[in-house]
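Down below is the structure, laid out as structure tokens.
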Amino acid sequence: MSASIHIERASKVYDGAVRAVDRIDMDIREGEFFALLGPSGCGKTTTLRMIAGFEQPTEGTIRVSGKDVTGVPAHKRDMGMVFQNYALFPHRTVRENVGFGLRMRGIDKATVARKVDRALEMVSLSAMGERRPAQLSGGQQQRVALARAIVIEPRVLLCDEPLGALDKKLRQQMQFELKELQKTLGVTTVFVTHDQEEAMAMSDRIAIMNGGRVEQIGTPSEIYNRPKTRFAADFIGDTNLLSGKVVERDGGKVLVVAEDGFEIPGADHHPGGVVHAALRPEKIVLHPDESDAPCIVRGRIDSANFLGDSILYRIALPKGRHVLARAANTAHSRMLPPGAMTRLDWQPSDLVFLAD
Amino acid sequence: MSEAATAPAALTSDDAAPRRTGPNALAWLILPIALLFALFFVLPISLMLLMSVLTGNPMFEQGVRFTPENYIRFASDSYNWEVLWITIRIGLSTTLAALLLGYPLAHLMARVHSRTGHALLLIAVLAPMLTGIVVRTFAWMAILSDTGVVNATLMRFGLIDRPLPLLNSETGIVIGLTHIYIPYMVLTLNGVISRIDERLEQAATNLGAHPLRAFWEVTLPLSVPGILAGSLLVFALSISAYVTPLLMGGFQFMTLPLLIYQQISASFNIGFAAALGIILLVISLALVIGYNRVLGLLSGDRDLT
Chain A
1 MSASIHIERA SKVYDGAVRA VDRIDMDIRE GEFFALLGPS GCGKTTTLRM
51 IAGFEQPTEG TIRVSGKDVT GVPAHKRDMG MVFQNYALFP HRTVRENVGF
101 GLRMRGIDKA TVARKVDRAL EMVSLSAMGE RRPAQLSGGQ QQRVALARAI
151 VIEPRVLLCD EPLGALDKKL RQQMQFELKE LQKTLGVTTV FVTHDQEEAM
201 AMSDRIAIMN GGRVEQIGTP SEIYNRPKTR FAADFIGDTN LLSGKVVERD
251 GGKVLVVAED GFEIPGADHH PGGVVHAALR PEKIVLHPDE SDAPCIVRGR
301 IDSANFLGDS ILYRIALPKG RHVLARAANT AHSRMLPPGA MTRLDWQPSD
351 LVFLAD
Chain B
1001 MSEAATAPAA LTSDDAAPRR TGPNALAWLI LPIALLFALF FVLPISLMLL
1051 MSVLTGNPMF EQGVRFTPEN YIRFASDSYN WEVLWITIRI GLSTTLAALL
1101 LGYPLAHLMA RVHSRTGHAL LLIAVLAPML TGIVVRTFAW MAILSDTGVV
1151 NATLMRFGLI DRPLPLLNSE TGIVIGLTHI YIPYMVLTLN GVISRIDERL
1201 EQAATNLGAH PLRAFWEVTL PLSVPGILAG SLLVFALSIS AYVTPLLMGG
1251 FQFMTLPLLI YQQISASFNI GFAAALGIIL LVISLALVIG YNRVLGLLSG
1301 DRDLT
């Protein structure tokens, strides 16, 4: 019994002045894994808390499966939430924690016991039922919180940075498990995170938030390959932001990068005026020679960081601007030493023009 | 570091007795308070205990010997039991009133988010403590007397024909004591409740519990240590109160502290007064021990590992 969520022009204003959330619109589809991604203070947690019913939007509406729930109190919304620090009841056993929501629904003891057993099995904690939360590791507590939220078969699963407190290895493992579980259950999931890799790895779609507004909503690949705003381009992965003017040149249009004056072809579809564009480091192809062969721009290697799977170069362009370029670490690749001159090239279509 | 460094040296040295490194130089700083404690607590209580089992004062009398007489006298007179029961009853009523009135306030204080709001509530709780007990008791006497604000108002509106016996009654004593000792309850509870993560209540409502149910299932059980500690404090204070039972009770209600004073000042029976003091002390002590046991059971159950 999954649900869709529609948020229409919702705002949350604190103390009449601070706009934590500023007229956002979101359509979260049934069964979708939807991430709210952004830096701290961007309004993602407030948005989640408004969906959960812990906060009332100052204006705008929230509808669940078409029904307006804006004024409905939290305990009547039928949503399961996993809190940042799990918020497990310390005075109750794991079984009692997981069974709490069922008990509040007045379900008989035998059914509660059966469902709790199944939920604990799902998160592989069957042996821990009689323990208290304090006797469990962080990862186990996380699983209990998850079991407690899904056992009530909620219409929506809400997660507030649920993996934030775990170390990297465990977090990765939990990402897979959570994603797997979400697929099995088919429950609409709204997932708040500030970790872009986590959002990319787990989500069907991502909403990038900044300063209380939604910057872009799209699939991970859309957001990575076709960011719409400078913030979106910059927040997800490494990126080179270029700005300049589009001018006519030999019948086509080129982008003249403001500071350096080099020209980038392929701006045909773009109107004149000052524009911004993003270029991913891995799209830049480096030719390590000083020949006169044609290229977009030349530069000098400033530093080279070996990252294991790739090498990240910081390259100084003639007028002092720096760009990042990433080269895959293949069998026959060799690291370019700092100080070496190189030619930089890329496909014109890899340059993404941004809205602002 | 220095202890770890000297320990092996002490073991290998020819010195048979290992050198003692003092616990911590800072520990000596408790010396003044330890002396104060010995002088003004251990000594008087020891003297009181001694006096309660002697036939007289050995400083002034000859042939003083040990005797259980004072305790036998207490146990054999039903009047003393009556006094003890009144004392405990007043203590229990005061504790209950302070808990019922104080809990909502402590909860509000713990959950108020604005700094100003919290500060105002704290001032409201603490301000009465800045006035003397006698002053506050007299204020209550003015409010609760037969011609006082409460009775006058109720009679004016025709709700009652005769003034309610608010003053010179057990009710009056409990009202006065509750007012005086409620800050101890509120502050103790506030300390415990503010440490309960608000998200636990939110988690409960998210799982379908009405906010009142969430309070009952989560907040209340987690604040039991505070309830016990606050109750213990208020009970111990109110059974040993002197001024308020005296003034609010109109000299008609005999509590243990009043009886002790009477035995010393009117009857000059210091031995019996000492025995009464010891009985009062034993009650408080039994409560503290009981409290620790209950808390130990609770936390043992919770496995705070």
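So the sequences go chain by chain: A and B. Numbering (our numbering) for the first sequence: 1 to 356. Numbering (our numbering) for the second sequence: 1001 to 1305. The C-beta atom is built at its ideal place from N, Cα and C for all residues, glycine as well. Keep in mind the model is a prediction, meaning the values are calculated, not measured.
query	result
Beta carbons nearer than 8 Å to chain A: which residues of the stretch 1184-1218 of chain B have them?	1197, 1199, 1200, 1202, 1203, 1204, 1205, 1206, 1207, 1208, 1209, 1210, 1211, 1213, 1214, 1217, 1218
Confirm, please, whether the CB-CB distance from residue 1137 of chain B to residue 1255 of chain B is below 8 Å.	no
For residue 292 of chain A, tell me which candidate among A/285, A/341, A/281 has the shortest Cα-Cα distance.	A/341
Is it true that the CB of residue 242 of chain A sits closer than 8 Å to the CB of residue 286 of chain A?	no
Classify residue 248 of chain A as buried or exposed, calling it buried when 16 or more other Cβ atoms lie within 10 Å of its own Cβ.	exposed
List the residues of chain A that residue 1058 of chain B touches, going by C-beta distances under 7 Å, in chain order.	Correct list: empty, because the minimum Cβ distance to chain A is about 55 Å.
Cutting at 6 Å between CB atoms, please list the residues of its own chain near residue 262 of chain A, excluding the five before and the five after it.	297
Roughly how many angstroms separate the alpha carbons of residue 277 of chain A and residue 73 of chain A, rounded to a whole number?	45 Å
According to DSSP, residue 304 of chain A sits in a beta bridge with which residue or residues?	A/313
Alpha carbon to alpha carbon, how far is residue 1130 of chain B from residue 1002 of chain B? Give it in angstroms, no decimals.	Residue placement at residue 1002 of chain B cannot be trusted, given a pLDDT of 40 that sits under 50; what the coordinates show is reported in the next sentence. Their backbone Cα atoms lie some 48 Å apart in a straight line.
Since residue 1248 of chain B contacts residue 1176 of chain B with CB under 8 Å, what's their CB separation in whole angstroms?	4 Å
Can you say whether residue 68 of chain A is buried or exposed, counting buried as having 16 or more other CB atoms within 10 angstroms of its CB?	exposed
In terms of residues, what are the limits of the alpha helix (DSSP H) holding residue 1125 of chain B?	1115-1126
Nearest-angstrom Cα distance between residue 1069 of chain B and residue 1088 of chain B?	24 Å
Where does residue 12 of chain A fall in DSSP's three states?	strand
With distances taken Cα to Cα, identify the nearest neighbour of residue 1042 of chain B among B/1281, B/1236, B/1270, B/1218.	B/1281
Thinking C-beta only, is residue 1270 of chain B closer than 8 Å to residue 1051 of chain B?	yes
In this structure, does DSSP put residue 264 of chain A in helix, strand or coil?	strand
By how many angstroms is the C-alpha of residue 37 of chain A removed from the C-alpha of residue 21 of chain A?	14 Å
If you run the structure through DSSP and keep just helix, strand and coil, what is residue 1036 of chain B?	helix
Can you give me the Cβ contacts of residue 3 of chain A inside the same chain, cut-off strictly under 7 Å, excluding the 5 residues immediately before and after it?	30, 64, 65, 155, 156, 188
Are residue 1172 of chain B and residue 1144 of chain B closer than 8 Å when you measure CB to CB?	yes
Does residue 1222 of chain B come within less than 8 Å of chain A when only Cβ atoms are used?	yes
Residues of chain B with CB closer than 7 Å to the CB of residue 89 of chain A, please, in chain order.	1200, 1218
I'd like to confirm the pairing. Which residues does DSSP put opposite residue 33 of chain A in its beta bridges?	A/189
Are the C-beta atoms of residue 105 of chain A and some chain B residue less than 8 Å apart?	yes
Residue range of the alpha helix (DSSP H) that residue 1107 of chain B falls in?	1078-1111
Could you give the first and the last residue of the continuous alpha helix (DSSP H) run that contains residue 44 of chain A?	44-52
To the nearest angstrom, how far is the alpha carbon of residue 1004 of chain B from that of residue 1024 of chain B?	For residue 1004 of chain B, the predicted model reports a pLDDT of 41, less than 50, meaning its position is unreliable and no value from the coordinates is stated.
When you compare the CB of residue 52 of chain A with every CB in chain B, is at least one pair closer than 8 Å?	yes
Ignore the nearest five residues each way along the sequence and tell me which others in residue 6 of chain A's own chain have a CB closer than 7 Å to its CB.	27, 63
Find the residues of chain B that neighbour residue 81 of chain A, judging by a C-beta separation of less than 9 Å, and give them in chain order.	1202, 1203, 1206, 1207
Sorted by chain position, which residues of the same chain lie with C-beta nearer than 8 Å to residue 1264 of chain B's C-beta, five sequence neighbours on each side aside?	1270, 1273
Do the CB positions of residue 166 of chain A and residue 122 of chain A come within less than 8 Å of each other?	no
Since I believe residue 246 of chain A is in contact with residue 275 of chain A (beta carbons under 8 Å), could you give me their beta-carbon distance rounded to a whole number of angstroms?	6 Å
Quick one: using the 10 Å Cβ neighbour count with 16 as the cut-off for buried, is residue 1060 of chain B buried or exposed?	exposed
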